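**Student:** Using the numbering used here, read the sequence shown as starting at 47 and increasing by one per residue.
This is the structure I have questions about; it appears just below.
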Amino acid sequence: MSAVLRVFKLKIYANKNKLVKLDALIAWWQQEVNKKINLYWQLPKVVGSFPDKETTKGGRLVKDASQKAWGIVKSAKKQTNPQLPIFEGSEIDLNEHSIIFQDFTTRAFDLWVKATHLEKGHRLVLPCKKIGRLNRAIVKGGKLRRSAKILKVKGKYYLQVYVKVSEKESNPTNSKLGIDVGLTNAVATSSGKFYGKDLRDLRIRTKHRKYLKKISPFKQGLNHVANQLTKDYPSTDFVMEDLLFKGKKKRSKTFRRRNNNWAYKHLANRLVQHGELEGFQVIKVDPAYTSQTCPECKYVDKENREGDRFICKKCGYSNHADIVGAINILERVSQAHSVPESCIEKERVYNDGIETLHDRTGKQGAPTNQEHHSKHYGDLGGDPQKEG
Ligand SMILES: [Zn+2]
Numbered sequence: 047m048s049a050v051l052r053v054f055k056l057k058i059y060a061n062k063n064k065l066v067k068l069d070a071l072i073a074w075w076q077q078e079v080n081k082k083i084n085l086y087w088q089l090p091k092v093v094g095s096f097p098d099k100e101t102t103k104g105g106r107l108v109k110d111a112s113q114k115a116w117g118i119v120k121s122a123k124k125q126t127n128p129q130l131p132i133f134e135g136s137e138i139d140l141n142e143h144s145i146i147f148q149d150f151t152t153r154a155f156d157l158w159v160k161a162t163h164l165e166k167g168h169r170l171v172l173p174c175k176k177i178g179r180l181n182r183a184i185v186k187g188g189k190l191r192r193s194a195k196i197l198k199v200k201g202k203y204y205l206q207v208y209v210k211v212s213e214k215e216s217n218p219t220n221s222k223l224g225i226d227v228g229l230t231n232a233v234a235t236s237s238g239k240f241y242g243k244d245l246r247d248l249r250i251r252t253k254h255r256k257y258l259k260k261i262s263p264f265k266q267g268l269n270h271v272a273n274q275l276t277k278d279y280p281s282t283d284f285v286m287e288d289l290l291f292k293g294k295k296k297r298s299k300t301f302r303r304r305n306n307n308w309a310y311k312h313l314a315n316r317l318v319q320h321g322e323l324e325g326f327q328v329i330k331v332d333p334a335y336t337s338q339t340c341p342e343c344k345y346v347d348k349e350n351r352e353g354d355r356f357i358c359k360k361c362g363y364s365n366h367a368d369i370v371g372a373i374n375i376l377e378r379v380s381q382a383h384s385v386p387e388s389c390i391e392k393e394r395v396y397n398d399g400i401e402t403l404h405d406r407t408g409k410q411g412a413p414t415n416q417e418h419h420s421k422h423y424g425d426l427g428g429d430p431q432k433e434g
């Protein structure tokens, strides 16, 4: 069983007083790291994982800053032409002794983080908002790392936390479901169902709005579709079109799709993430002719399709065009050229992006894990890609 490290950025809700303290902390941290960089730079040899204890005295944060500087100097010295590095990052690495996660709930916030503060014996208490995907990852047995990072991005503060998730192998006895992402109805399944029917209107309504800090409602809708599919089809592998598949002919459909490729990818990525926790896979198949082939008699003709309707010119079979697409996609899975998604995208990096702060789906489901730090975490949800 392999494991992936997922990264979640939680927004820190800091009042003015706390902002001042955080700013001071960031400034102090930069200074301290650079001070230690200068110190370690003088050393004839920088080896081992930890700096000499004598140089890290002065409290936990000094220790963390020294550790940071040690790593920076170590990698800088490895360069062919080593130059004294300068640390300019607006981020603070908090090792496990410098941070306490606390899950007592108030009306407004459901995760509080206590970070060691500059003044001795004082801790800076930072309220963060619960988010669902992090919550789910922990409920599914993911291990929250006891270290974290405070980040300052465009004047706002975030707490970056890490969850180690064991990937569940997909069960070979899983059933299969074909999925087609159409332009009119967001998602059609080979079982004849539609998901996210309201997505199209939502997209039109919100097309020209900018969502710099928040996840777009359309992506939220897709996330919801992924949640729903996972819930409605347990022990099921999902079969989708491989948009990058290099087949003989697939242009017409790819062309038709050029505006919703990102939606397709967003949904696929989301399902892959669910699959790693739940033990199913997303299988991608050759999309050629999936919109023109009759599922009954296999007759291929682009005339079979007329807008949303599919009517076979040969046998008269008719259905919604997107359902037909999903059925054909499912059929492809038995063919030799299908590749499990998990085999082709192993190097994914899970970074949930700061643009995605309030995943509404995060509020659902009460965690059952009794471990004290596992209760109230939330999710930033979504991927950081720009839509379009
Ligand atoms: Zn037919």
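Glycine residues also receive a C-beta, built at the ideal position from the N, C-alpha and C atoms.
In this text, all values refer to a predicted model and were calculated from it rather than measured experimentally.
Of the residues Gln125, Lys62, Gly104 and Ile72, which one's Cα is nearest the Cα of Val92?
**Tutor:** Against the sequence shown, residue 92 aligns to sequence position 46. Per the Cα distances, Gln125.
**Student:** Starting from the C-beta of Asp110, find all residues in its chain whose C-beta is less than 7 Å away, skip the five residues before and the five after it, and write them out in chain order.
**Tutor:** Working through the sequence shown from its first residue, we reach residue 110 at position 64. Around Asp110: Asp139, Leu140, Asn141 and Ser144.
**Student:** Per DSSP, which one or two residues make a beta bridge with Ala161?
**Tutor:** Here the question's residue 161 lines up with position 115 in the sequence shown. For Ala161, which the question treats as bridged, DSSP gives the partners Ile145 and Leu170.
**Student:** Across which residues does DSSP place Ile357 in a beta bridge pair?
**Tutor:** Sequence index remark: in the sequence shown, residue 357 carries index 311 (1-based). Paired residues: Ser364.
**Student:** Thinking Val37 and Leu190 are a contact (beta carbons under 8 Å), I'd like their distance in whole angstroms, please.
**Tutor:** With the chain covering only 47 through 434, there is no way to say anything about residue 37.
**Student:** Please return the same chain residues whose Cβ sits closer than 7 Å to the Cβ of Tyr86, not counting the five positions on each side in sequence.
**Tutor:** Translated into positions along the sequence shown, residue 86 becomes position 40. Val92, Pro97, Ala115, Trp116 and Val119, listed in sequence order.
**Student:** At a threshold of 6 Å, does Tyr363 count as lining ligand 1 (C-beta to nearest heavy atom)?
**Tutor:** Here residue 363 refers to the residue found at position 317 when the sequence shown is read from its first residue. It does: the Cβ of Tyr363 is within 6 Å (strictly closer) of some heavy atom of ligand 1.
**Student:** Taking Asp368 as the reference, which of Tyr241, Lys103 and Glu215 has the closest Cα?
**Tutor:** Residue mapping note: residue 368 aligns to position 322 of the sequence shown, counting from 1. Looking at the Cα atoms, Tyr241 is the closest of the given residues.
**Student:** Please work out which residues of its chain come closer than 7 Å, Cβ to Cβ, to Asn80, disregarding the five sequence neighbours upstream and downstream, and give them in chain order.
**Tutor:** Taking the first residue of the sequence shown as 1, we reach residue 80 at position 34. Contacts found: Ile132 and Phe133.
**Student:** Between Val233 and Val271, is the Cβ-Cβ spacing less than 7 Å?
**Tutor:** As a working note, residue 233 is residue 187 in the sequence shown. As a working note, residue 271 is residue 225 in the sequence shown. A contact, by the Cβ cut-off of 7 Å.
**Student:** For Leu51, count the other beta carbons within 10 Å of its own beta carbon; 16 or more makes it buried, fewer makes it exposed. Which is it?
**Tutor:** Taking the sequence shown and counting its residues from 1, the one referred to as residue 51 is at position 5. Exposed, because fewer than 16 other Cβ atoms sit within 10 Å of the Cβ of Leu51.
**Student:** Is the number of C-beta pairs between the region 339-359 and the region 218-225 that are closer than 8 Å three or more?
**Tutor:** The region 339-359 is not in contact with the region 218-225.
**Student:** Whole angstroms are fine: how far does the CA of Lys359 sit from the CA of Arg182?
**Tutor:** Looking up residue 182 in the sequence shown gives position 136. Looking up residue 359 in the sequence shown gives position 313. C-alpha separation (whole angstroms): 47 Å.
**Student:** Within 10 Å of its beta-carbon, does Tyr59 have 16 or more other beta-carbons around it, so buried, or fewer, so exposed?
**Tutor:** What you label residue 59 is simply residue 13 of the sequence shown in a count that begins at 1. Its Cβ having fewer than 16 others within 10 Å, Tyr59 is exposed.
**Student:** Tell me whether Glu137, by its Cβ, gets closer than 6 Å to a heavy atom of ligand 1.
**Tutor:** If you number the sequence shown from 1, residue 137 lands on position 91. For ligand 1, not one heavy atom lies less than 6 Å from the Cβ of Glu137.
**Student:** For Asp471, collect the residues of the same chain with a Cβ closer than 7 Å to its Cβ; drop the 5 residues on either side in sequence, then sort them by chain order.
**Tutor:** What is shown of the chain runs 47 to 434, which leaves residue 471 out entirely.
**Student:** Flag this pair as yes or no: are the beta carbons of Lys57 and Lys175 separated by less than 7 Å?
**Tutor:** As a position in the sequence shown, residue 57 is number 11, starting the count at 1. As a position in the sequence shown, residue 175 is number 129, starting the count at 1. Going by C-beta atoms, Lys57 is nearer than 7 Å to Lys175.
**Student:** Residue range of the alpha helix (DSSP H) that Lys222 falls in?
**Tutor:** On the sequence shown, position 176 is the one that residue 222 refers to. First-last for Lys222: Ser221 to Asp226, but that is the beta strand (DSSP E), not the alpha helix (DSSP H).
**Student:** Leaving out five residues before and five after Leu130 in sequence, what residues of the same chain have Cβ atoms less than 6 Å from its Cβ?
**Tutor:** For the purposes of this step, residue 130 is taken as residue 84 along the sequence shown, with counting starting at 1. Around Leu130: Trp87.
**Student:** DSSP on Gln206, reduced to helix/strand/coil?
**Tutor:** Position 160 of the sequence shown, counted from the first residue, corresponds to residue 206. Strand, per DSSP.
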